[in-house]
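One line per chain: the protein sequences are D and V, in this order.
Anchor point for the first sequence: position 256 equals 325 in the numbering used here, and the numbering is continuous, going up by one each time.
Anchor point for the second sequence: position 225 equals 518 in the numbering used here, and the numbering is continuous, going up by one each time.
From the three backbone atoms N, C-alpha and C, an ideal C-beta is built for every residue, glycine too.
Some notes on the structure that comes next.
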Amino acid sequence: MNHSAHSTYIARDKIFTAARLLGVFLLFLWALLAASAAYAVVSDYATYGKYFATFLRGAGTTLLLVGISLLIGAVLSLPLALARNSNTLLPRFLAYCYVYFFRGTPLIAQTFLVYYGFGGFREFFSTVHLWWLFRDPFYCALLVFSLNTAAYQAEILRGAIASVPRGQTEAGRAMGLSPLMIFFKITLPQALIIALRPYGNEIIIMIKGSAIASIITVFDLMGETRRTFSRTFDYNTYLLAALMYLVMVETLRRVWVKLEQRLTRHLLR
Amino acid sequence: MLELLSYGDSGWGDEIIAGLSVTLSLALATLPFGLLAGFFIALAQNSQDATLRAAANIYTTVFRGLPELLTLFIVFYGLPLFLNAVYGLFHPAPDLQINNFLAGMLALGTVFSAYAAEVFQSAFRGIAKGQYEAGTSLGLSWIRTMRFVIVPQLLRLALPGLSNLWLILLKETALVSAIGLPDLLRQTGIAARVSKEAFLFFGVACLFYLLLSILSSFAIGYIERFTQRGEKI
Numbered sequence: 070m071n072h073s074a075h076s077t078y079i080a081r082d083k084i085f086t087a088a089r090l091l092g093v094f095l096l097f098l099w100a101l102l103a104a105s106a107a108y109a110v111v112s113d114y115a116t117y118g119k120y121f122a123t124f125l126r127g128a129g130t131t132l133l134l135v136g137i138s139l140l141i142g143a144v145l146s147l148p149l150a151l152a153r154n155s156n157t158l159l160p161r162f163l164a165y166c167y168v169y170f171f172r173g174t175p176l177i178a179q180t181f182l183v184y185y186g187f188g189g190f191r192e193f194f195s196t197v198h199l200w201w202l203f204r205d206p207f208y209c210a211l212l213v214f215s216l217n218t219a220a221y222q223a224e225i226l227r228g229a230i231a232s233v234p235r236g237q238t239e240a241g242r243a244m245g246l247s248p249l250m251i252f253f254k255i256t257l258p259q260a261l262i263i264a265l266r267p268y269g270n271e272i273i274i275m276i277k278g279s280a281i282a283s284i285i286t287v288f289d290l291m292g293e294t295r296r297t298f299s300r301t302f303d304y305n306t307y308l309l310a311a312l313m314y315l316v317m318v319e320t321l322r323r324v325w326v327k328l329e330q331r332l333t334r335h336l337l338r
Numbered sequence: 294m295l296e297l298l299s300y301g302d303s304g305w306g307d308e309i310i311a312g313l314s315v316t317l318s319l320a321l322a323t324l325p326f327g328l329l330a331g332f333f334i335a336l337a338q339n340s341q342d343a344t345l346r347a348a349a350n351i352y353t354t355v356f357r358g359l360p361e362l363l364t365l366f367i368v369f370y371g372l373p374l375f376l377n378a379v380y381g382l383f384h385p386a387p388d389l390q391i392n393n394f395l396a397g398m399l400a401l402g403t404v405f406s407a408y409a410a411e412v413f414q415s416a417f418r419g420i421a422k423g424q425y426e427a428g429t430s431l432g433l434s435w436i437r438t439m440r441f442v443i444v445p446q447l448l449r450l451a452l453p454g455l456s457n458l459w460l461i462l463l464k465e466t467a468l469v470s471a472i473g474l475p476d477l478l479r480q481t482g483i484a485a486r487v488s489k490e491a492f493l494f495f496g497v498a499c500l501f502y503l504l505l506s507i508l509s510s511f512a513i514g515y516i517e518r519f520t521q522r523g524e525k526i
């Protein structure tokens, strides 16, 4: 595509083009990396088996953290998205500020703000019996991630709701349905199908972003990896964790593609 | 409270501004490296050679799938190991250190380039084949066709995606505080620990990041109008 017709002609004639040489060399480098990591693991099977068990526990924590945050975020995102689309100025403005803050600042800064920042108000939270929430790093991460993904999911949902044709709402009204019924039975189901792909991306972003929880001492996959590395200084622990993250993300991505195909099969012509 | 934020010995204003400049310079140093790498990876993904395409696709799949924090640690701990292994072939006791800034730049640039490659690739699809042929028929070399015909259009098509990546990059620079680079978040973190006013200082950090995104949005709007100047009737 990016070659002129001339170089295409040459590429067919030669077996070893520059591109082929470069490609083979780069593939060789990837294979070398994979082989050296595999050799290290096989040569010390017992140790890495132990690491792997620990990391699996960490991955469980990661999935738990991400799963619950996504659910809470989904619940929060609906009123946020509606407020963003509202005709009244005040809710629209407040929802806009909320979304802008959470999308405009780094997740890690938000996490520090809640975990370390709210620690300064210990007496206040103790009197309202909420100190258990802000004392525990896991709950703090859960809170921040939920609020963060709520902002992103609200934007996804808002865009999706706005892209459902107006005729759908009008048809509902012509049939005498109540506004609530129109929203939940007609607009929302169609919006969710449009939002399916960005939702998948958001889940992947959350799985990756959840590694930040390890900095406030949550022992998720990244946290277990850092703990193991700080004891052993074994670099392969990071490669093992990388492999596990890759498996999680790639599996989810592929499952999501299948899911999308399945759910939109009535739209294919 | 204002005294804590003042500029000078009594306040943390100067330290925070120094951190802000580290954050900004890291993002600005990463950008050209990431853009260039991303462009070449997109070229490789569009290559006619299957091995080159495969190598490029592995690259984007891996670095788009890994958490940025993990990539950062892999580069930060891995690069000295790798360099010392190579240097050790010539030297009996290799002891190369790697600069935090460089490690941060490489890690963020790697992630950026993987995403930028995807943006460039979809922009490539928006350029008609006739444009390449027009370049060839004018007698331009491949490089000149790229330089004068393809890249100007490519930038216009890729700009929305790339500006999104820039905003993400600005936020991701905050991760380098984990490897000890004195960026905005690390400096405010030190201030928070010493002064015991964590909420204030992390709040200030968040405000600075917001400010950076707002300023970037303005700059992006300006660049967008610049690249679209040929589109006006």
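Query	Result
Inside the segment 468 to 507 of chain V only - alpha helix (DSSP H) runs reaching at least 4 residues	477 to 488
L462(V) versus L359(V), L363(V), S303(V) and L317(V), residue with shortest Cα-Cα distance	L317(V)
Cβ of M70(D) within 8 angstroms of any chain V Cβ	Residue placement at M70(D) is flagged as unreliable, the pLDDT there being 45, under the threshold of 50; the coordinate-derived value follows with that caveat. So, interface residue.
Under 9 angstroms by beta carbon: chain D residues contacting I472(V)	The contacting residues do not exist; I472(V) stays about 11 angstroms from chain D at best.
Whole-angstrom C-beta distance between A416(V) and A378(V), which should lie under 8 angstroms	Their Cβ separation, rounded to whole angstroms, is 38 angstroms, which puts A378(V) and A416(V) out of contact at 8 angstroms.
Expected contact under 8 angstroms - CB spacing of L503(V) and G186(D) to nearest Å	Contact doesn't hold; Cβ gap of about 16 angstroms is too wide.
Simplified DSSP assignment, three categories, for P385(V)	coil
Helix, strand or coil at S283(D) [DSSP, three-state]	helix
D342(V): contacting residues in chain D (beta-carbon distance under 7 angstroms)	T86, A88, R89 and G92
Reduced DSSP category for T77(D) - H, G, I as helix; E, B as strand; rest coil	In this prediction, T77(D) scores a pLDDT of 49, lower than 50, which makes its location untrustworthy; the coordinate-derived value is nonetheless stated afterwards. The answer is helix: DSSP assigns T77(D) an H, G or I state.
Distance CB(A344(D))-CB(L145(D)) smaller than 8 angstroms	A question about residue 344(D) goes unanswered here, because the residues of chain D that appear run from 70 up to 338.
8 angstroms Cβ cutoff, A484(V) in contact with chain D	no
CB contact below 8 angstroms: T291(D) versus chain V	It is worth fixing the name first, because residue 291(D) is Met in this sequence and not Thr. So yes, M291(D) belongs to the interface.
Chain-order list of residues whose beta-carbon lies under 7 angstroms from that of L291(V) (same chain, five-residue window excluded)	This structure does not reach residue 291(V), given that chain V is present from 294 up to 526, and the question cannot be answered.
Option nearest A164(D) by Cα separation, candidates A264(D), H198(D), N217(D) and F181(D)	N217(D)
Nearest-angstrom beta carbon gap, A485(V) and L95(D) [assumed within contact, 8 angstroms]	About 44 angstroms separates the two Cβ atoms, so there is no contact after all.
Nearest-angstrom beta carbon gap, F190(D) and M275(D) [assumed within contact, 8 angstroms]	Rounded, the Cβ-Cβ distance is 27 angstroms, inconsistent with contact.
Buried or exposed (CB count within 10 angstroms, at least 16 for buried), N392(V)	exposed
Beta-carbon contacts of L308(D) that lie in its chain and below 7 angstroms, excluding the five residues immediately before and after	A106
As assigned by DSSP and simplified to three states, the class of L419(V)	As written in the sequence, residue 419(V) is Gly, which differs from the Leu given in the question. Coil at G419(V), not helix or strand.
Beta-carbon contacts of A407(V) that lie in its chain and below 6 angstroms, excluding the five residues immediately before and after	T353, F356 and R357
Cβ neighbours of L332(D) in the same chain (closer than 8 angstroms, five flanking residues each side left out)	I262 and L265
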